[in-house]
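Chains as they are written, first to last, in the numbering used here: chain A, 6 to 321; chain B, 6 to 321; chain C, 6 to 321; chain D, 6 to 321.
Here's the structure, in structure tokens; my notes come after.
Protein chains: 4
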Amino acid sequence: MDREFLKSMGVSLDLALEAREIVRGETGQEVPGVRVDKETYDHASVTTVYIEDESAQAIMGKPVGKYITIEAPVIRENDPDAHRQVAEVLAEQLKKMFDLPMEANILVVGLGNWNATPDALGPRVVDNCLVTRHLFNYAPQSLQGGMRPVSAIAPGVLGITGIETAEIVQGVTGRVKPELIIAIDSLAARSVDRIATTIQLADTGINPGSGIGNKRAGINQETMGVKVIAIGVPTVASAALIAQDAIEKYLKNTNAQAGVTNEAIKSVLEPFGGNLTVTPKEIDTLIEDTAHIIAGGISMALHPEVNPDDYAYYLH
Amino acid sequence: MDREFLKSMGVSLDLALEAREIVRGETGQEVPGVRVDKETYDHASVTTVYIEDESAQAIMGKPVGKYITIEAPVIRENDPDAHRQVAEVLAEQLKKMFDLPMEANILVVGLGNWNATPDALGPRVVDNCLVTRHLFNYAPQSLQGGMRPVSAIAPGVLGITGIETAEIVQGVTGRVKPELIIAIDSLAARSVDRIATTIQLADTGINPGSGIGNKRAGINQETMGVKVIAIGVPTVASAALIAQDAIEKYLKNTNAQAGVTNEAIKSVLEPFGGNLTVTPKEIDTLIEDTAHIIAGGISMALHPEVNPDDYAYYLH
Amino acid sequence: MDREFLKSMGVSLDLALEAREIVRGETGQEVPGVRVDKETYDHASVTTVYIEDESAQAIMGKPVGKYITIEAPVIRENDPDAHRQVAEVLAEQLKKMFDLPMEANILVVGLGNWNATPDALGPRVVDNCLVTRHLFNYAPQSLQGGMRPVSAIAPGVLGITGIETAEIVQGVTGRVKPELIIAIDSLAARSVDRIATTIQLADTGINPGSGIGNKRAGINQETMGVKVIAIGVPTVASAALIAQDAIEKYLKNTNAQAGVTNEAIKSVLEPFGGNLTVTPKEIDTLIEDTAHIIAGGISMALHPEVNPDDYAYYLH
Amino acid sequence: MDREFLKSMGVSLDLALEAREIVRGETGQEVPGVRVDKETYDHASVTTVYIEDESAQAIMGKPVGKYITIEAPVIRENDPDAHRQVAEVLAEQLKKMFDLPMEANILVVGLGNWNATPDALGPRVVDNCLVTRHLFNYAPQSLQGGMRPVSAIAPGVLGITGIETAEIVQGVTGRVKPELIIAIDSLAARSVDRIATTIQLADTGINPGSGIGNKRAGINQETMGVKVIAIGVPTVASAALIAQDAIEKYLKNTNAQAGVTNEAIKSVLEPFGGNLTVTPKEIDTLIEDTAHIIAGGISMALHPEVNPDDYAYYLH
């Protein structure tokens with residue numbers, strides 16, 4: 006299946022790792038202008054995809070930049086120790102993406118809709134982040150060493166606010182004047198296996214058409230005037246892709262590929278319209294756990310000397 | 006695909022309508038011992054499947070009884086007027102299933118887990134039902150004509166209580182001594198199209214292995230000693246079935262059925278393990294709307310002379 | 006009791022009506038520069054207090070402007086018809102406060118903390134408002150006549166965002182460029198009777214130190230560059246004021262006022278510290294009902310030709 | 006103020022400690038038949054009141070039995086370490102109240118209304134308790150040493166179910182046949198200071214008229230046929246009592262008691278009707294934190310060899 010076909014089904018590939026798999030599936034070799042690194046941790050494997058030039062950008066359908074993917078199936082398990090280790094991996098990887106002094110002002114943006122469980126990850130991260138900017142302004146005596154001024158907003162979604170998310174973030178950025186924005190978003194995955202097991206960091210920010218809400222305007226260096234790191238977690242998958250995956254695997258298993266056409270697949274998938282998007286039935290727990298991991302990882306990265314056991318003292 | 010295969014994948018067919026489709030798909034003709042009636046409303050079509058004898062019971066995998074299916078895709082739309090009409094259809098069909106005097110004591114049981122959105126339908130119906138038993142006991146002056154004594158419980162799920170749901174309902178039934186139990190449950194559908202568009206009423210109650218929670222013991226005449234009407238709404242579907250559906254449609258479209266074996270399909274589906282169950286990403290709204298329709302329909306059926314506009318006065 | 010004393014207890018008087026009562030209590034006559042109008046409806050009485058000059062402003066501790074207070078104890082009752090009538094009264098009074106063409110762009114701001122029930126009124130109003138600005142931009146075909154472009158945000162509170170609410174609203178206002186802001190806030194009342202029974206509209210916006218969150222910066226014409234109408238509902242009361250009220254009433258009933266000093270009262274109230282703030286135990290229902298009334302009233306005022314029965318079609 | 010007067014105001018004294026204070030205030034000496042012990046911990050002080058005979062029962066208005074009160078103002082602070090220590094104190098005190106073998110079957114009952122924040126403590130404790138009875142039945146391999154079979158229910162409230170809570174608990178008890186019931190309830194305190202700072206354990210169970218919901222039937226040895234330990238936490242206070250407290254303190258401070266009559270106080274309090282019940286505006290956080298402490302304390306007491314860090318593995 007090629008990317009054009011996916012696009013025609015209204016499906017975006019939010020994960021660089023999945024985009025690379027598809028491109029490689031088509032060509033059978035590493036994509037030119039793409040470089041890949043791998044690291045392994047106890048509970049997570051980390052793959053960094055560098056899209057290094059414009060030709061790679063065109064092939065991959067993603068801007069030049071660095072995409073770090075943390076794969077940690079343990080997020081789906083009831084294992085607080087392992088979750089904390091995943092948060093530490095996230096913190097370590099996130100720190101590689103910025104180089105800022107301790108006094109740098111950072112804005113966390115939790116995208117998504119707090120009233121729709123599968124889209125509530127961003128707002129839930131905001132609720133759990135260690136926010137300190139107001140303490141710098143009003144209660145500096147309550148700060149300890151190793152803290153940066155951090156603020157956070159959950160701008161809501163177009164259907165609730167009537168305002169493009171990017172406009173709200175631009176407005177707040179104009180006031181808060183951060184040196185860095187970290188934007189959290191719920192993504193659509195190609196495969197249900199990735200839901201709540203994969204965390205992608207991208208130094209290219211958030212680009213139009215990505216995420217559950219399919220933003221019309223990006224939240225990136227270009228639109229915000231400041232570097233934007235995107236943290237995305239797949240929380241939904243397209244029913245059309247589950248179906249398509251199954252057909253391809255079946256044909257492969259039965260050596261029946263000969264003569265398969267996109268048209269034939271498309272006629273099967275049409276009823277799904279690319280629009281039916283599904284999420285696991287355990288989504289409430291998955292969002293809760295993932296939000297804690299992401300908020301923990303961000304807090305560790307931004308306030309390097311604060312013991313995570315002390316976060317609760319600073320939370321509202 | 007036959008029922009044995011589904012069973013081997015760990016999938017139950019909660020809807021009699023879907024079971025009939027599969028059996029007819031296998032045999033190409035109406036199932037012996039099964040009778041079907043159809044009615045059409047503005048916003049809903051109603052199919053009644055009668056399983057009339059033990060041979061039909063064996064073929065269909067469902068006990069002898071009456072299964073009414075209301076198909077109303079409008080439930081998924083933002084249309085309060087249409088929702089009210091669906092509630093009226095539900096009330097009308099529900100009334101056909103019992104014949105009780107006005108003083109009959111009725112217990113509504115909302116099965117499911119209030120902490121998991123796709124499984125919260127039952128508890129949400131309990132929250133919205135017009136419950137009156139305590140008024141008969143303690144505040145008869147607040148009653149109006151045309152009300153029956155109705156009580157309601159949300160017994161929770163095994164993972165939270167450590168107690169089989171059926172045991173809790175038996176215990177409460179032993180105290181409340183209802184003449185009828187109406188049990189609401191979230192179901193698994195074979196097709197995602199049915200999620201939050203289909204309501205099934207069954208005068209056979211709830212039987213082991215059905216519903217999202219896969220009860221180990223039934224909630225039916227046999228276990229409760231009183232008639233049980235089950236109201237079920239599909240809120241989830243098995244990812245394996247979405248995949249399997251797609252393969253079958255593809256093969257049909259391409260006339261490639263020759264030589265397809267269950268084994269080949271099964272090897273594709275194995276990674277899904279029959280366990281990955283999905284729900285639409287709009288599930289919060291779907292549960293909220295469906296709970297109001299079901300609670301409205303039950304209230305209209307049980308309190309025939311109360312104007313639905315007056316329910317709010319009696320709600321907590 | 007005088008205002009200085011209240012201030013020394015850390016209590017703000019958010020309602021102009023209560024401020025007037027206290028001033029009149031001190032002087033025994035109408036405050037100079039203050040004019041009062043009264044209207045009566047079936048389920049509500051409306052008192053308009055005009056603070057007409059700077060001397061009245063100084064005495065009342067509230068800026069020159071118009072303060073409309075709707076008193077409707079029926080809000081606390083389970084009576085949807087009456088609630089709708091209160092929403093209509095609110096719409097009628099709100100319309101008196103602005104004179105704008107149909108194409109005027111209006112921003113609704115729901116102040117408060119969605120995670121704290123008594124402070125969640127503003128965000129809940131945003132969830133229930135008929136928001137249309139995005140339809141004007143992206144789906145004009147779905148609009149009907151008599152609709153204005155309305156947007157809405159819930160900016161959160163300082164403890165969660167680290168950003169002054171006024172800064173966020175300024176940022177968004179700079180982007181959305183509304184002709185009018187309507188800001189909803191939870192207030193502190195002097196008397197528990199006023200909780201969820203009183204709605205205050207003020208054409209002076211929201212001023213520093215008011216509301217539950219005790220804003221440091223105002224949201225008003227001066228800070229936003231555009232007219233701000235504040236809609237406030239008391240949802241909490243100070244325990245100190247309940248205590249103080251009781252002492253005063255007792256002394257009055259027993260004719261024992263002679264020799265009562267603020268110091269004596271203050272020594273009793275000290276343990277409460279002016280900080281213990283309470284809310285009725287039914288607060289969940291009160292916030293839910295009040296949010297629907299306020300959102301309904303605003304929607305009726307801003308979209309004069311839309312039938313309230315049709316709002317659901319436009320809600321997310 | 007005497008107990009008769011409180012009763013006439015519709016106020017129950019749920020805490021034995023408060024009842025004793027009032028009786029001693031009337032008589033100026035220890036109540037005959039009442040014995041008191043005190044212990045002190047880092048973050049909590051523990052007072053045990055033994056009501057030893059029927060005359061003491063009559064004077065105190067509480068049945069013969071043992072009442073342990075844990076006073077721990079630190080519960081209101083954001084201090085997870087201290088909260089864990091309070092949970093350990095609770096576990097230690099709770100263990101003193103029962104003497105059961107490891108195989109004893111225990112039922113936790115979380116009273117209250119999950120839809121009303123100040124009354125949601127019981128259901129929230131049920132959500133967080135380490136429940137194991139189903140593992141003994143269906144998955145014994147997942148158990149570790151030092152676990153007892155524990156089950157839990159949240160029976161709801163009369164207004165939602167139409168059934169007396171005691172009837173539901175009797176029904177479930179008849180099925181589960183526990184050797185001990187632990188019932189958690191939200192209480193009304195005489196003083197706002199006690200809200201979410203005091204935990205009372207009583208080996209007399211829950212008696213009619215106590216708690217927020219003012220049960221009509223008790224949940225105790227007599228009604229359940231098995232020992233019931235009640236764990237109560239004040240989450241609300243009567244506005245009438247706040248007022249009355251203030252008047253008494255004022256009169257004491259000003260030496261003006263002469264000639265004060267209950268009638269004079271009552272005329273002041275009448276508008277409050279004994280019915281206006283308030284809760285702190287931080288109630289959402291208070292319930293959340295208290296529920297974790299109580300669930301932790303119960304789990305430590307019932308499963309003595311399980312490390313609290315491992316609870317998460319067993320939670321749903």
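Note that the Cβ used here is the ideal one computed from N, Cα and C, for glycine as well.
With a cut-off of 8 Å on the beta carbons, I'd call residue i and residue j a contact; round off their distance for me.
{"i": "P78 (chain D)", "j": "I200 (chain D)", "result": "Rounded, the Cβ-Cβ distance is 11 Å, inconsistent with contact."}
{"i": "V233 (chain B)", "j": "I247 (chain B)", "result": "At roughly 31 Å, the Cβ-Cβ gap does not stay under 8 Å, so V233 (chain B) and I247 (chain B) are not in contact."}
{"i": "Y318 (chain C)", "j": "N83 (chain B)", "result": "5 Å"}
{"i": "V54 (chain A)", "j": "L22 (chain A)", "result": "6 Å"}
Per DSSP, which residues does residue i bridge with? Please list them.
{"i": "G257 (chain A)", "result": "It is Lys, not Gly, that sits at residue 257 (chain A) in the sequence shown. Paired residues: none, contrary to the question."}
{"i": "G74 (chain C)", "result": "According to the sequence provided, residue 74 (chain C) is Thr. The question's Gly does not apply to it. Beta-bridge pairing links T74 (chain C) to C:T52 and C:Q205."}
{"i": "S156 (chain B)", "result": "B:L112"}
{"i": "I186 (chain B)", "result": "B:L112 and B:V233"}
Helix, strand or coil, according to DSSP, for residue i in the structure here?
{"i": "V79 (chain C)", "result": "helix"}
{"i": "K43 (chain B)", "result": "strand"}
{"i": "A242 (chain C)", "result": "strand"}
{"i": "V181 (chain D)", "result": "helix"}
{"i": "I236 (chain B)", "result": "strand"}
{"i": "M65 (chain A)", "result": "helix"}
{"i": "T137 (chain A)", "result": "coil"}
{"i": "G151 (chain D)", "result": "coil"}
{"i": "G127 (chain C)", "result": "helix"}
{"i": "E26 (chain D)", "result": "helix"}
{"i": "D106 (chain D)", "result": "Inspection of the sequence shows that residue 106 (chain D) is occupied by Pro rather than by Asp. Correct three-state label for P106 (chain D): coil."}
{"i": "L20 (chain C)", "result": "coil"}
{"i": "V311 (chain C)", "result": "coil"}
{"i": "A248 (chain D)", "result": "helix"}
{"i": "E169 (chain A)", "result": "coil"}
{"i": "N118 (chain D)", "result": "coil"}
{"i": "L164 (chain C)", "result": "Reading the sequence as shown, one finds Gly at residue 164 (chain C) and not Leu. Looking at G164 (chain C) - three-state DSSP - the assignment turns out to be helix."}
{"i": "L95 (chain B)", "result": "helix"}
{"i": "E59 (chain B)", "result": "helix"}
{"i": "P145 (chain D)", "result": "helix"}
{"i": "Q175 (chain D)", "result": "helix"}
{"i": "E35 (chain C)", "result": "coil"}
Threshold first: 4 residues or longer. Then list the alpha helix (DSSP H) segments lying entirely within the segment 189-232 of chain C, N to C. 226-229
Please give the ranges of any beta strand (DSSP E) in the segment 280-305 of chain C, keeping only runs that are unbroken, at least 3 residues long and fully inside the region. 282-285
Using 8 Å as the cut-off, can you tell me whether the segment 292-300 of chain A makes contact with the segment 126-134 of chain A, which would need three or more C-beta pairs spanning the two stretches below that distance? yes
Validate contact between the segment 62-73 of chain B and the segment 166-176 of chain B using beta carbons, cut 8 Å, 3 pairs: no
Within 8 Å, do at least three Cβ pairs link the segment 146-162 of chain B to the segment 155-165 of chain D? yes
Give a yes or no on contact between the segment 139-157 of chain C and the segment 94-112 of chain C, applying the rule of three or more CB pairs nearer than 8 Å. yes
Check whether the segment 96-106 of chain B touches the segment 114-127 of chain B, taking contact to mean three or more Cβ pairs, one atom from each stretch, closer than 8 Å. no
Decide if the segment 16-30 of chain A is in contact with the segment 49-67 of chain A; the criterion is three or more beta carbon pairs, one per stretch, under 8 Å apart. yes
Does the segment 139-149 of chain A touch the segment 207-217 of chain A, meaning 3 or more C-beta pairs lie closer than 8 Å? no
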